[in-house]
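Just so you know, the sequence shown maps onto residues -18 to -1, 1 to 420 in mature numbering (1 follows the signal peptide of the UniProt record, and there is no 0).
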Amino acid sequence: MTATFLVLLVSVFLRCAAQDEVLSFPDDFLFGAASAAYQVEGAWDQDGKGENIWDRLVHTHPEMIADGQSGDVATDAYHKYTEDIKALLELGVTIYHWDLPQPLQDLGGWPNSVMVDFFEDYARILFKNFGDRVKWWITFNEPYETTTGYSASTGVDAPAIDLSGIGDYLAAHTILKAHATAYHVYDTEFRAQQNGKIGITLNNDWQEPKTDSDDDKLAAELAMQFHLGWFAHPIYIGDYPEIMKERIANNSKAEGRNSSRLPEFGDYWINYIKGTYDFYGMNHYSTNLVSLDPSASNVANPPSLWHDQGVNKEFDSSWTGSAASWLKIVPWGIRKQLNWIKDQYGNPPLLITENGYADYGDLSDTNRIIYYASYLDQVLSAIHTDSCNVIGYTAWSLTDNFEWLQGYTSTEPTGRCGQYLKKKMEKKTLEKFDWLEL
């Protein structure tokens, strides 16, 4: 259920192409690489481990996985984790990364508010047993993706239950309460002794208006708020974004409902959730071009988050692609997203918790090097030119992994940074470029 990100303190210098000058990251800037729970652990039924929702999915519906494989073994990190820890200077842990125990899913999973109490107990156990060593905690990694397990309109991830437009909103509502509860447990019971930090990680690709038209600018704002603002707004400002509440309420009314499909927070929960962060965790990979969807004015049956959002997304044909259909190399997108977060949420300390490139496993991976160099260049500009409060950068991933519904296929990446997984591990090394000094 946990994911790990490894934090290294190193110095990195990049030559900024636009400025033709060498900029450096701050001396205390954190660099690391991440791996995640089910995607790498293996040992799915060993030492008393119970079944989780991905175990159930891959064993009962292997046809849903592109290559029919599972994470039963993956990279066997469960047995090899000590080798990784030997390389660490500092350890961070994610409390939840998509692998809900199946017995809790049998109770309804994240749409059931009882999950808040279970998550509180679970977080307290982790803080108590590992907080003397773990100083960076992430409550949830990419909660948006967790909600897709309850919505066929946004994805078919585990547990693959289609409650589109209702179940996904209920799941997010519970997750936000659970996050805040875990934060307050750490803050009141453990922070003074352990002196760690805790936050949440939110994923989002930058949403760029397709044109300069007002409609496309509105579409970009909708795309940002329905994905990122859905979780960030309650934590950094309070309550859901107004544009989100308004659209879902209007659509719900048009569907003949007496109340909005988006649950409401009372004053207690608004205040309890607001401010529950020590840092902002950001996962970012690529960029979309966004325009309004003309069909969004129609009543949807069944309802869905996509219809509520009401936008179309596409890519510029000139953008360099990757092994993943959704991942294009658009370096300026990460800088725009960093500035958007700074402007929206008061420039919180921001840790980039995932960023990386998907290739087909070739040991000669020039595009991956170009990706990292160009994205880090934009991060440097965001720090030095835009005053974005970026405190660290974590590459995804430490090793290749089971990439959810794509399995270990090459049509979608098994990993976005690390080693190539076939029947054995082959180590990769970076080719030397005079403009990239590590």
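Here a beta-carbon is modelled for each residue, glycine too, at the ideal position from N, C-alpha and C. As the structure is a prediction and not an experimental result, all values here were calculated from the model.
At a Cβ-Cβ threshold of 9 Å, L362 and L5 count as neighbours. Considering only V116, M46, Y63, the residue with the shortest C-alpha distance to G74 is V116. Between I230 and K256, the C-beta gap is not smaller than 9 Å, which leaves the two residues out of contact. N240 counts as exposed, since fewer than 16 other beta carbons sit within 10 angstroms of its beta carbon.
Under the rule that a run must span 4 or more residues, the alpha helix (DSSP H) segments found entirely inside the stretch 276 to 353 read 287 to 291, 314 to 327. Residue range 179 to 185 is occupied by the beta strand (DSSP E) that includes I182. Here the C-alpha atom of L287 lies approximately 25 Å from the C-alpha atom of D325. Counting of Cβ neighbours within 10 angstroms places G343 among the buried residues, the total reaching 16 or more.
Pairing A15 with I351, the inter-Cα distance amounts to about 15 Å. With distances taken between CA atoms, E336 lies nearest to G374 out of G374, G303, L345. Boundaries for F109: no beta strand (DSSP E) harbours it, while the alpha helix (DSSP H) harbouring it runs 97 to 112, taken from the DSSP string. Burial check for K235: the Cβ neighbour count within 10 Å stays below 16, so the residue is exposed.
In the structure shown, F122 adopts extended strand secondary structure according to DSSP, grouped into three states. Between A214 and N123, the CB-CB gap reaches or exceeds 9 Å. Contact between the stretch 258 to 271 and the stretch 177 to 187 is present, with at least three C-beta pairs closer than 8 Å. When rounded, the separation of the alpha-carbon atoms in L244 and V293 is 18 Å. Look at the beta carbons and you see the stretch 248 to 263 touching the stretch 155 to 172: at least three pairs across the two are nearer than 8 Å. The alpha-carbon of Y132 is positioned some 24 Å away from that of G248.
Around the Cβ of T170, a 10 Å sphere holds fewer than 16 other Cβ atoms; the residue is exposed. Contact between Q87 and I35 holds: their C-beta atoms lie close to 5 Å from each other, under 8 Å. In this structure T130 does not touch D144 by the C-beta definition: roughly 11 Å separates them, more than the 8 Å allowed. Rounded to the nearest whole angstrom, the C-alpha separation of E33 and A282 is 36 Å. T42 sits in a helix when the DSSP states are folded into three classes. For Q87, the enclosing alpha helix (DSSP H) covers residues 84 to 87. With a threshold of 16 other beta carbon atoms within 10 Å, P223 meets it and is buried. Shown here, Y250 sits in a helix according to DSSP, grouped into three states.
Residue environment for I107: exposed (fewer than 16 other C-beta atoms within 10 angstroms of its C-beta). In the structure shown, V116 falls within a coil segment according to DSSP collapsed to helix, strand and coil. Of the residues T183, L200, P191, the one whose Cα lies closest to the Cα of L210 is T183. Counting the other CB atoms within 10 Å of its CB gives D81 a total of 16 or more, which places it among the buried residues. Relative to the Cα of Q207, the nearest Cα in the group G238, D196, D221, D114 belongs to D221. The C-beta separation of T128 from I180 comes to about 18 Å, leaving the pair out of contact by the 8 Å criterion.
Taking the C-beta atoms as reference points, D341 is found nearer than 9 Å to S304. Boundaries of the beta strand (DSSP E) harbouring W378: 372 to 378, taken from the DSSP string. Here A174 is exposed: its Cβ has fewer than 16 other Cβ atoms, across all protein chains shown, within 10 Å.
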